[in-house]
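Trainee: Per my numbering, the sequence shown starts with residue 3, numbered consecutively. Right, I'll just put the structure down here and ask away after.
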Amino acid sequence: MKKIAAVEVQGIFKTYKSGFFRPRFTMALQGIDLVIHEGELFGVLGPNGAGKSTLLNTIMGLITPDKGCVLISGNNTCGMFHHEVRASMNMSSGNPNYPWALTVREALNFYGMLYGIWGKKLHIKVDSLIELMELEKHANTRFDELSTGTKQRTSIAKSLLNDPKILLLDEPTSGMDPNISVKIRGLIKRLHGELKITVLLTTHMMREAEELCGRIAFIKDGKITALGTKEKIQKMTKSKNMEEAFIELAAD
Ligand code: ADP
Ligand code: MG
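Below is the structure:
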């Protein structure tokens, strides 16, 4: 029997239109096909502007594609809202923007309630996530007063509120101090290994993809230009290491 993929992206196109009088069109995704198996730790790697965030937002259902569809655990989600599907996913944004006046704890409480967690259960969950992400010092700091890296950690904490089966992490370590990045990468590995969840992360850092991901899709100008294990990508680009492979794939 064929196993159902955790995430299946079929022929996704997305064009952004900006400017009113002289509209500009950006083809952010140009025909993306992707299958992510249950339990994979999958990386979408590519330079800035490649379309990584657009892809994650589309998978999460936050952006409607012009064409194509996204299947989550076999359920077609385009134009449809499946409560159970949404309840099984979460995403950490690469550029989190929560209500500015809420403290870290208040923001986590707020999003927790949106996921239907209340009372003591919510307190326990928020406390444990604050501890997990080492946010104790910042728990009562307003969101607009946080550093980029701390906002990022708050966003990862938020993404774990509903114990997702499919976790999307957009640039999870961008803006973090190197020592914190190391910890976050360790945490991602642990979450994936211990909880057996499917993790899809984006990064523009080749090292991060190499260290964390079983398979990697390299994306450039909204298209996947390489896909597979790091060994396969190195072989395909005739590179000695992933750094060389990245340079080769990112070149115009
Ligand atoms: P990445 O995450 O890989 O850096 P993005 O998905 O953010 O790439 O962006 C892909 C392309 O789409 C870029 O050229 C970016 O400038 C453009 N883009 C992203 N969001 C918007 C938007 N809301 N309006 C117009 N253009 C956008
Ligand atoms: Mg991005």
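Quick reminder that beta carbons are idealized off the backbone N, C-alpha and C, glycines included. For clarity, every value in this text was computed on a predicted model and none was experimentally measured.
Would you say the beta carbon of Pro180 is closer than 8 Å to some non-hydrogen atom of the ligand GDP?
Mentor: This structure lacks the ligand GDP; its bound ligands are the ligand ADP and the ligand MG.
Trainee: Which partner residues of Leu229 appear in the DSSP bridge assignment?
Mentor: BP columns for Leu229 point to Ala219.
Trainee: In terms of DSSP beta bridges, what is Gln236 paired with?
Mentor: For Gln236, which the question treats as bridged, DSSP gives no partner whatsoever.
Trainee: Does the stretch 67-85 come close enough to the stretch 245-252 that 3 or more CB-CB pairs lie under 8 Å?
Mentor: Touching, no, given that fewer than three Cβ pairs across the two stretches are closer than 8 Å.
Trainee: Does the Cβ of Ser20 have 16 or more other Cβ atoms within 10 Å, making it buried, or fewer, making it exposed?
Mentor: When all chains shown are included, Ser20 counts as exposed.
Trainee: Just mark Phe112 as buried or exposed, buried being the case when its beta carbon has 16 or more other beta carbons within 10 Å.
Mentor: It counts as exposed.
Trainee: Pull up the distance between the alpha-carbon of Leu162 and that of Leu131, whole angstroms please.
Mentor: If you take the alpha carbons of Leu162 and Leu131, they lie about 8 Å apart.
Trainee: Look up Asn181 in the DSSP assignment and say whether it is helix, strand or coil.
Mentor: Residue state, collapsed to three classes: helix.
Trainee: For the ligand MG, I want to know if Gly195 counts as a neighbour, meaning its beta carbon is within less than 8 Å of at least one of the ligand's heavy atoms.
Mentor: Checking every heavy atom of the ligand MG against the Cβ of Gly195, none is found closer than 8 Å.
Trainee: Let me know the secondary structure DSSP gives Phe44 once reduced to three states.
Mentor: Phe44 falls in the strand class under three-state DSSP.
Trainee: With distance defined between alpha-carbon atoms, name the residue in Ala141, Ser55, Gly96 nearest to Ile221.
Mentor: Nearest of Ala141, Ser55, Gly96 to Ile221, Cα basis: Ser55.
Trainee: State the DSSP-derived secondary structure class of Lys167, mapped to helix, strand or coil.
Mentor: If DSSP states are grouped into helix, strand and coil, Lys167 belongs with coil.
Trainee: Would you mind giving the Cβ-Cβ distance between Val106 and Leu137, rounded to the nearest angstrom? I have them listed as a contact below 8 Å.
Mentor: Yes, Val106 and Leu137 are in contact; Cβ-Cβ is about 6 Å, under 8 Å.
Trainee: Count the CB pairs spanning the stretch 141-156 and the stretch 187-197 that are closer than 8 Å, and state whether there are at least three.
Mentor: They do not touch, by the three-pair rule.
Trainee: With distances taken from CA atoms, which of Ala30, Ala8, Leu110 is nearest Val87?
Mentor: Ranking the options by Cα distance to Val87, first place goes to Ala8.
Trainee: Only counting the same chain, and skipping five residues up and downstream in sequence, which positions put a Cβ closer than 6 Å to that of Leu73?
Mentor: Glu10, listed in sequence order.
Trainee: For Met115, count neighbouring C-beta atoms within 10 Å of its own C-beta (all shown protein chains included) and say buried if the count is 16 or more, exposed if not.
Mentor: Met115 is exposed by the Cβ-count criterion.
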